[in-house]
Amino acid sequence: MAQTVLMLNRGFSTSPSAMTAIKHVTVIGGGIMGSGIAQVAAQSGYQVTLAEINEGALQTAKVSIETNLKRVAKKVHKESLEEAEKFVTNALSNLRPTMNVMEAVQSTDLVIEAVLENINVKHKLFSSIDPIAPEHAIFASNTSALSIQEIASVTKRKDRFGGLHFFNPVPVMKLLEVIRTPETSDETYGKMMAWGNTIGKTTITCKDTPGFVVNRLLGPYLNEALKMLERGVATAQDIDTAMKLGAGYPMGPFELMDYIGLDTHKIVADGWHRKFPNSHTFRPSEILETMVAEGKLGVKSGEGFYKYDKSSKL
Ligand code: NAD
1 MAQTVLMLNR
11 GFSTSPSAMT
21 AIKHVTVIGG
31 GIMGSGIAQV
41 AAQSGYQVTL
51 AEINEGALQT
61 AKVSIETNLK
71 RVAKKVHKES
81 LEEAEKFVTN
91 ALSNLRPTMN
101 VMEAVQSTDL
111 VIEAVLENIN
121 VKHKLFSSID
131 PIAPEHAIFA
141 SNTSALSIQE
151 IASVTKRKDR
161 FGGLHFFNPV
171 PVMKLLEVIR
181 TPETSDETYG
191 KMMAWGNTIG
201 KTTITCKDTP
211 GFVVNRLLGP
221 YLNEALKMLE
231 RGVATAQDID
241 TAMKLGAGYP
251 MGPFELMDYI
261 GLDTHKIVAD
271 GWHRKFPNSH
281 TFRPSEILET
291 MVAEGKLGVK
301 SGEGFYKYDK
311 SSKL
């Protein structure tokens, strides 16, 4: 099914190499994002290899993928326990976890990198797998904020390199930002767009610019909310209520930061500040610094701008 949709490639290039359908996907990095990407690809019918360097992380990924697949199966196949079990068994049979990154890329059509957000780590990885992966294989990074062109610069396949930016939690969030650099070929771009659709995502196209679309808008918005709280304009609760009832947002900015994790938002905000040191919007927030230093990280730590009990799900 996945391949059929892919071959109906909506009028993109049909040169012989474009017809090399994506059948096998290698996901590198089995953390929060990589495990989610591997799950959705496997449940959509692709053969998936999930490669990790940390055994504990790989075990955690396996457990969380199975748990999430069961949750999806219950929803999708409400009426039939048998179909639900088949869904989980099929998806798991499509997935091969491994600790051998080099072997994982030897025979694949698409490599999606979801390792640490660090340019040196990503460069080291891509320069080591570039000579080993098949010529036709597309490389993609799930980076949130690094330049795709800069990541691709260490490879010899800059035309077969792009960004596939997923959102957390991957199985739930419908959006996939597809990023093309000036060097990404039309064929690669077409394949990434088509593949994204076959795994049930709504794709949008974005240039290789800081924060792409969502994070470029979200970063300043969340920081402005912190500044507003610091100026004493309104309480966090009232700002959240205002944005939900006045702007129709499903969550207020403080609820959203609690969900993202205040430590994660701080890393992102600090990155924006380094990029735009003269911008008032990106000046570090005292409230954020203090809360992170106190271990108030949001839902994951049980307290952020709100308090959460243990049953609160991330
Ligand atoms: P994470 O820390 O949960 O997972 C990263 C994993 O990569 C770890 O398990 C680590 O052991 C593994 N790893 C590191 N180097 C490796 C290597 N050379 N080979 C194989 N595995 C390796 O991180 P994450 O939150 O999943 O983020 C991964 C990427 O996705 C980052 O670039 C991040 O910016 C991006 N991203 C994150 C989010 C989010 O909300 N967490 C959203 C969108 C994009």
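Residues in the sequence shown are numbered consecutively from 1, following this note's numbering. Every residue gets a Cβ at the ideal spot worked out from N, C-alpha and C, and that includes glycine. From a predicted model like this one, the values you see are computed outputs, not experimental measurements.
By the C-beta density criterion, Thr89 is exposed, having fewer than 16 other C-beta atoms within 10 angstroms. For Asn142, the shortest separation between its Cβ and any heavy atom of ligand 1 lies below 6 angstroms.
Counting only residues of its own chain and dropping the five nearest sequence neighbours on each side, Glu113 has a CB closer than 6 angstroms to the CB of Ile28 and Ser141.
For Ala57, the Cβ falls inside the 6 angstroms cut-off from some heavy atom of ligand 1. Relative to ligand 1, Met173 has its C-beta separated by 6 angstroms or more from all heavy atoms.
Closest option to Leu288, judged by alpha-carbon separation, among Phe305, Glu79 and Asp238: Phe305. Arg274 sits in a helix when the DSSP states are folded into three classes.
Apart from sequence neighbours up to five positions away, the residues of its chain that approach Lys156 with a beta-carbon distance below 7 angstroms are Asp130, ordered along the chain. Here the distance from the Cβ of Gly298 to the nearest heavy atom of ligand 1 is not below 6 angstroms. About 14 angstroms separates the beta carbons of Gly190 and Ile179, which is beyond the 8 angstroms limit, so they are not a contact pair. Using a cutoff of 6 angstroms, the CB of Val115 counts as near ligand 1, since one of the ligand's heavy atoms is closer than that.
The three-state secondary structure of Val233, taken from DSSP, is coil. Here the C-alpha atom of Met33 lies approximately 35 angstroms from the C-alpha atom of Arg231. Beta-bridge partners of Arg96 (DSSP): Thr49. Lys158: not part of any beta strand (DSSP E); DSSP gives it neither H nor E. One thing to note: Leu297 has its Cβ no nearer than 7 angstroms to the Cβ of Asp270. The DSSP-derived three-state label of Thr26 is strand. Here the distance from the Cβ of Val101 to the nearest heavy atom of ligand 1 is below 6 angstroms.
Put simply, the backbone Cα of Arg216 is about 43 angstroms away from that of Leu81. In the three-state scheme derived from DSSP, where H, G and I count as helix and E and B as strand, Ile239 is classed as helix.
Its Cα nearest to that of Val172, the residue Ile37 stands out among Ser301, Gly31, Glu83 and Ile37. Secondary structure within the stretch 127-178: the beta strand (DSSP E) runs of 3 or more consecutive residues, fully enclosed, are 138-141 and 161-165 (chain order). Going by C-alpha positions, Lys307 is about 13 angstroms away from Gly261. The Cβ atoms of His24 and Asp109 lie closer than 7 angstroms to each other. The beta carbons of Val154 and Ser127 sit closer together than 7 angstroms.
Rounded to the nearest angstrom, the gap between the Cα atoms of Thr49 and Thr235 is 47 angstroms.
Relative to ligand 1, Ile28 has its C-beta within less than 6 angstroms of a heavy atom. Inter-segment contact for the stretch 217-226 and the stretch 189-205 is absent: fewer than three beta-carbon pairs are separated by less than 8 angstroms. DSSP, read as helix, strand or coil, puts Ile112 in strand.
Of the residues assessed, Gln47 falls on the buried side of the cut-off, its CB having 16 or more other CB atoms within 10 angstroms.
If the five residues before and after Leu58 are omitted, its C-beta is found closer than 6 angstroms to the C-beta atoms of Gly30, Glu52 and Pro97, all from its own chain and listed in chain order.
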